[in-house]
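Remarks on the structure that follows.
Protein chains: 2
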Amino acid sequence: MTRVGIIGVGHGVFGRRSDATVQELAFEAFRDALQDAGIDRDAVDASVVGSVPEYHKQRSLAGVIQEYLGLVPKPTWLTEVACASGSAAMRTAWMAIKSGTHDIVAVIGCQKMTELSTPEILALMGRVGEVQWESGFGTTFPGYYAMFAKRHMHEFGTTREQLLDVAVKNHHYGALNPYALFRKEITKEKASASEDVATPFQVYDCCANADGAACVILASEGRAREISKIPIWLDGMACATASMSVLRRPSLVGLPSAERAAGEAYAMAGIGPGDVKVADVHDCFTIAEIMAYEDLGFCKKGEGGPFVADRQTYIGGKVAVNVDGGLKAKGHPIGATGTSMTFEIVKQLRGEAGERQVPDADVGLTHNVGGIGQYCFVQVLKRD
Amino acid sequence: MTRVGIIGVGHGVFGRRSDATVQELAFEAFRDALQDAGIDRDAVDASVVGSVPEYHKQRSLAGVIQEYLGLVPKPTWLTEVACASGSAAMRTAWMAIKSGTHDIVAVIGCQKMTELSTPEILALMGRVGEVQWESGFGTTFPGYYAMFAKRHMHEFGTTREQLLDVAVKNHHYGALNPYALFRKEITKEKASASEDVATPFQVYDCCANADGAACVILASEGRAREISKIPIWLDGMACATASMSVLRRPSLVGLPSAERAAGEAYAMAGIGPGDVKVADVHDCFTIAEIMAYEDLGFCKKGEGGPFVADRQTYIGGKVAVNVDGGLKAKGHPIGATGTSMTFEIVKQLRGEAGERQVPDADVGLTHNVGGIGQYCFVQVLKRD
């Protein structure tokens, strides 16, 4: 069966984008991806939009974007799985191509997080936990992940310092990423002096909402080889779920969905975690990146803290992780995060990442989590 | 490449379902579909949820449903394209199987339309039109479709009586459908005495919001033949778009997305409109069903009015349309409508439609529209 290749990627600046509507953000990323691929929009057979609709005033988002991109009358539809929506759109487009339904599909991850008021946003976010039994009792995203962190510290001796090591690393690389929301280094001293959020988290443990869009154009193997000098192959593409109610999880120190999706993606691509040179993982909170190292098999369970403290996830370490700044420094426009991750890995595998380039990057990975781990999507990308 | 077969269908009662949460509605339909297929839920490899998330209090809907159905840790994700969300989920699942990614996929179309207050619902619905240039100036769904109706009457002489013929037919069949919201016949006299909505529409020209769910289980050709005595084949599966801004449409008397999707679905299935014995079409307003006859090629453009007046879309006519009551009498739980349509056609092609059975039904069709025609999905279904 045909492989699926990536022929073009585009990325807008993440941040408070009061200069642009969501369809304008989508257009920026789409235009850049077309130029990157060297194709005209007429070559695109369909689009899939990854976004969480309820944060926008405009309903029927895929329709308004399709019109704005000039892709009518071709098919479009939207996928939603909370913060992993862009990755679900990637997987959908990948299936569209593998099934022979379409040859070239544009995936548009996009989100405006600043259209609604802060109380409206908070109300929406509070209800991403299970409403009947959990969120009604006051659980929030920082609260859930803080529980994971406390438990990880308890079971494995993970330290507050190690959590901050994640933040420092991601701000270090974010400072070098022209698309990032926060383009400045931070120190552990600064981070540990920031306001409390939910123990053990302070402000610098948490990613920030942002507006943004990123686009990835996928093609069938034949078309990818014709169009692209360096097609990047999506050889592993997996999704798994975990119970949304945390009260039904057997453990709080990892995401079972991530472990399972990683296993499937590695098997599909015929690789193991040791082959991955560069990865973008879902660091919505500092502990999330540490759990990701372990769930993905970059280190053993419980050793994620020392792994980052030893700089094993810096460029030059065992595997470079979030060298685009991650959600932490890049910002987290929820629908766009999945395609933004793929953007970064494609640039790395092509050798186009500039001063953040990981040497000899031939195999890369993305790990994107929806909600509190009820969904996880893992992609394995390869260069020929 | 493998055909995709339908092995099981399930349907709950449409209406004000204050007895059930949205995940409970999903469960009802899923359980019935499993029983219909004669398989255990462990045989299901993934689910796709078709729904419009913003009408629910619970966010991350696919995750909460996956847990409630007992399908964790398998993949799930949600598709949204306004009223066609269930059909986008069908097309996504179809691609998942055709691509070899999954063997058996459950598609859950579901929606609670009565969780939010009426003003909240109206505000959401108003924003399914293009927000920047249209809905801000007061356009609404009934208003858009009333424009289509007025123009159709002007260009083709379609009459008020013919619009009401659609409502009378659909209530006639809805009265016989145990899952329908309105299970009573109406007369043209009664309908034309009902309250005005948007000229020429009165209350009985409009479908009603409802809560509900319907489930369809799809399988690869091999698995479908093993599992099902009468697999129903999804041989045509098309999607097309039209500009969401009505101000950019070349004409108001049909939906270009529907015409295009129909053409593609017919070609894919190797049939023409004359082969279709039974169809479920998107009759959100009476004019929508008349335009559907024409866009699908059941009659010529402009002749839809006389076509229904001559009872050509009753059982015994040229093609039986909406003999489950349509959106009009069955109710319109937006995410569930697409899978509900497929449910009906599967029952008809299997010969299980009871007193509403269309004789010799071997080829059927569904036509589902999102918004005001910015999306249209057409399926062609066949019995061996």
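Respectively, the protein sequence lines represent chains E and H.
Residue numbers for the first sequence follow this note's numbering, beginning at 1 and rising by one.
Residue numbers for the second sequence follow this note's numbering, beginning at 1001 and rising by one.
Ideal Cβ placement from N, Cα and C applies to all residues, glycine included.
Model, not experiment: these values are computed from the prediction.
Find the nearest neighbour of residue i within the set the options, judged by alpha-carbon distance.
i: residue 79 of chain E; options: H/1064, H/1101, H/1050 and H/1070; result: H/1050
i: residue 373 of chain E; options: E/348, E/258 and E/19; result: E/258
i: residue 1251 of chain H; options: H/1275, H/1279, H/1088 and H/1145; result: H/1145
i: residue 1046 of chain H; options: H/1135, H/1317 and H/1030; result: H/1030
i: residue 1181 of chain H; options: H/1353, H/1381 and H/1014; result: H/1014
i: residue 169 of chain E; options: E/382, E/339 and E/313; result: E/313
i: residue 406 of chain E; options: E/353, E/93, E/345 and E/41; result: As displayed, chain E neither begins before 1 nor continues past 384, which places residue 406 of chain E out of reach and without an answer.
i: residue 1267 of chain H; options: H/1340, H/1044, H/1379 and H/1187; result: H/1379
i: residue 91 of chain E; options: E/272, E/275 and E/261; result: E/261
i: residue 121 of chain E; options: E/209, E/192 and E/233; result: E/209
i: residue 68 of chain E; options: H/1155, H/1034, H/1245 and H/1367; result: H/1245
i: residue 1272 of chain H; options: H/1235, H/1288 and H/1315; result: H/1235
i: residue 1032 of chain H; options: H/1107, H/1355 and H/1004; result: H/1107
I'd like to know whether the C-beta of residue i is nearer than 8 angstroms to at least one C-beta of chain E.
i: residue 1176 of chain H; result: no
i: residue 1213 of chain H; result: no
i: residue 1239 of chain H; result: yes
i: residue 1096 of chain H; result: yes
i: residue 1026 of chain H; result: no
i: residue 1370 of chain H; result: yes
i: residue 959 of chain H; result: Examination of residue 959 of chain H is not possible in this model, given that chain H is present from 1001 through 1384 alone.
i: residue 1131 of chain H; result: yes
When you compare the CB of residue i with every CB in chain H, is at least one pair closer than 8 angstroms?
i: residue 306 of chain E; result: no
i: residue 3 of chain E; result: no
i: residue 66 of chain E; result: yes
i: residue 58 of chain E; result: yes
i: residue 168 of chain E; result: no
i: residue 242 of chain E; result: yes
i: residue 301 of chain E; result: no
i: residue 438 of chain E; result: This structure cannot settle anything about residue 438 of chain E, because the visible part of chain E is limited to 1 through 384.
i: residue 252 of chain E; result: no
i: residue 100 of chain E; result: yes
i: residue 63 of chain E; result: yes
With DSSP run on the structure shown, which of helix, strand or coil describes residue i?
i: residue 368 of chain E; result: strand
i: residue 124 of chain E; result: helix
i: residue 1315 of chain H; result: coil
i: residue 218 of chain E; result: strand
i: residue 1382 of chain H; result: strand
i: residue 291 of chain E; result: helix
i: residue 133 of chain E; result: coil
i: residue 1343 of chain H; result: helix
i: residue 1332 of chain H; result: strand
i: residue 308 of chain E; result: helix
i: residue 1280 of chain H; result: strand
i: residue 195 of chain E; result: coil
i: residue 1202 of chain H; result: strand
i: residue 1162 of chain H; result: helix
i: residue 1141 of chain H; result: helix
i: residue 7 of chain E; result: strand
Spatial neighbours of residue i within its chain, please: CB distance less than 6 angstroms, with the 5 preceding and 5 following residues excluded, ordered by chain position.
i: residue 974 of chain H; result: With chain H covering only 1001 through 1384, there is no way to say anything about residue 974 of chain H.
i: residue 28 of chain E; result: 12
i: residue 320 of chain E; result: 278 and 358
i: residue 1230 of chain H; result: 1350
i: residue 1022 of chain H; result: 1056, 1110 and 1112
i: residue 214 of chain E; result: 11, 29, 109, 336, 339, 340 and 343
Less than 8 angstroms between C-beta atoms, sequence neighbours within five positions excluded: which residues of the same chain meet that for residue i?
i: residue 291 of chain E; result: 148, 152, 253, 254, 255, 258 and 304
i: residue 39 of chain E; result: 7, 8, 104, 217 and 227
i: residue 1178 of chain H; result: 1013
What does a CB cutoff of less than 7 angstroms around residue i pick up in its chain, not counting 5 residues either side in sequence?
i: residue 1126 of chain H; result: 1135 and 1140
i: residue 66 of chain E; result: 47, 72 and 76
i: residue 1081 of chain H; result: 1088, 1370 and 1375
At a cut-off of 7 angstroms, is residue i close to the ligand GDP when judged by its beta-carbon and the heavy atoms of the ligand?
i: residue 1234 of chain H; result: Of the ligands one can find in the structure shown there are none, so the ligand GDP has no counterpart to examine.
Practice problem: May I ask you to verify whether the segment 49-62 of chain E touches the segment 1224-1234 of chain H, counting CB pairs closer than 8 angstroms and requiring at least 3? | Solution: no
Quiz item: At a cut of 8 angstroms, does the segment 98-106 of chain E reach the segment 1007-1018 of chain H through at least three beta carbon pairs?
Solution: no
Quiz item: Is the segment 1273-1284 of chain H in contact with the segment 1150-1165 of chain H, if contact means three or more CB pairs nearer than 8 angstroms?
Solution: Not touching, per the Cβ criterion.
Quiz item: Would you call the segment 68-86 of chain E and the segment 295-310 of chain E in contact, with 3 or more CB pairs under 8 angstroms?
Solution: no
Self-check item: Cβ pair count under 8 angstroms reaching 3, the segment 358-373 of chain E against the segment 1169-1178 of chain H
Solution: Contact check between the segment 358-373 of chain E and the segment 1169-1178 of chain H: fewer than three CB pairs, one atom from each, fall below 8 angstroms, which does not count as touching.
Quiz item: Counting Cβ pairs closer than 8 angstroms, one from the segment 1316-1334 of chain H and one from the segment 1201-1217 of chain H, do we hit at least three?
Solution: yes
Self-check item: Cβ contact check for the segment 1062-1070 of chain H and the segment 227-246 of chain E: 3 or more pairs under 8 angstroms
Solution: Judged by Cβ distances under 8 angstroms, the segment 1062-1070 of chain H makes contact with the segment 227-246 of chain E, as three or more pairs qualify.
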